[in-house]
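Participant: One structure follows; several queries about it will come next.
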Amino acid sequence: MLEVNNVTFSYSAHGEQDAPPALRDVQLHIDVGETVAIIGHNGSGKSTLAKLLAAILKPDSGSVLVDGLRTNAGGEDIWTIRQHVGIVFQNPDDQLVANTVIDDIAFGPENLGLPRFEIEERIQEAMALLDLQEFAQMAVSELSVGQKQRVAMHEGRLLMDGTPTDIFARADELREVGLDVPMITSLGKRLRTKGWAGLPEVILSTDQLKDTLHAS
């Protein structure tokens, strides 16, 4: 469950002088299992809202709760939120840490200290979920931006500890690099068929109304 309660955020409070509020008194409630489209023109605050929900930014006032945890609480709550919430940035190079696709996907479960057989199982599940099997041994640097976006989708412990995840994706940007809305929607449907409960699976951020029709 995601809750945004009377949230205001301005970049002027974070070093950008004279910036008007990017968000003012925003209210949002998303129940378990919902797929939500956030629609707005460029500069309307879609990316800012996504970063607030992912605990990358903290609200100037109001509160953001992810599965009951406040994003401005700090400590272990922030770590838990960031395990559960994945955000796909326009530039995926900022999110990829290994040389090959399979090593990048293995990074999460290896750091959890899981048995080798379980690591292998989760890697294969993630590769199948994201249609990345044919790219397993490829260097990340050789992938297209769209393919890198797909690799980045395992972030937020998508499959790494069995927890659900949110996927924030700017649909207009992803379309430009070869990753379209049906791909995002298909991923959400696959997650739901696995019976994962908890957080909403997919949140699409777009300035194109037609994207919401594809995702419906």
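In our numbering, the protein residues as written are 8 to 223. Glycine is no exception: its CB is placed at the ideal position from the N, C-alpha and C atoms. Since the structure is predicted, the reported quantities are computational estimates derived from the model, not experimental observations.
For Asp111, which residues in the same chain have their Cβ closer than 7 Å to its Cβ, ignoring the five residues on either side in sequence?
Facilitator: Taking the sequence shown and counting its residues from 1, one reaches residue 111 at position 104. Same-chain partners within the cutoff: Leu103, Val104, Ala105, Val147, Val158.
Participant: Can you round the beta-carbon distance between Leu30 and Thr15 to whole angstroms, since I take them to be within the 8 Å contact cut?
Facilitator: Here residue 30 refers to the residue found at position 23 when the sequence shown is read from its first residue. Here residue 15 refers to the residue found at position 8 when the sequence shown is read from its first residue. At roughly 6 Å, the Cβ-Cβ gap stays under 8 Å, so Leu30 and Thr15 are in contact.
Participant: Given this structure, state the Cα-to-Cα distance separating Leu137 from Phe114, to the nearest angstrom.
Facilitator: In the sequence shown, the residue the question calls residue 137 occupies position 130. In the sequence shown, the residue the question calls residue 114 occupies position 107. Looking at the two C-alpha atoms, the distance is approximately 16 Å.
Participant: Leaving out five residues on either side along the sequence, give the residues of the same chain with a beta carbon under 6 Å from the beta carbon of Ala61.
Facilitator: For the purposes of this step, residue 61 is identified with residue 54 of the sequence shown, where counting begins at 1. Excluding residues within five positions, the ones whose Cβ falls inside 6 Å are Val92, Ile94.
Participant: Mark Phe142 as exposed unless 16 or more other C-beta atoms lie within 10 angstroms of its C-beta, in which case mark it buried.
Facilitator: In the sequence shown, residue 142 corresponds to position 135, counting from 1. Phe142 should be labelled buried.
Participant: Pull up the distance between the alpha-carbon of Asn12 and that of Pro28, whole angstroms please.
Facilitator: One-based indexing of the sequence shown puts residue 12 at position 5. One-based indexing of the sequence shown puts residue 28 at position 21. One C-alpha to the other measures close to 16 Å.
Participant: Which whole runs of the alpha helix (DSSP H) in the stretch 60-108 are 4 residues long or more, in chain order?
Facilitator: Runs found: 82-91.
Participant: Whose CA, out of Leu9, Leu76, Thr55, lies closest to the CA of Ile63?
Facilitator: Taking the sequence shown and counting its residues from 1, one reaches residue 63 at position 56. Measuring from the Cα of Ile63, the nearest candidate turns out to be Thr55.
Participant: Just to confirm before moving on: does the CB-CB distance between Lys58 and Pro99 stay below 9 Å?
Facilitator: Within the sequence shown, the letter at position 51 stands for residue 58. Within the sequence shown, the letter at position 92 stands for residue 99. Contact: no.
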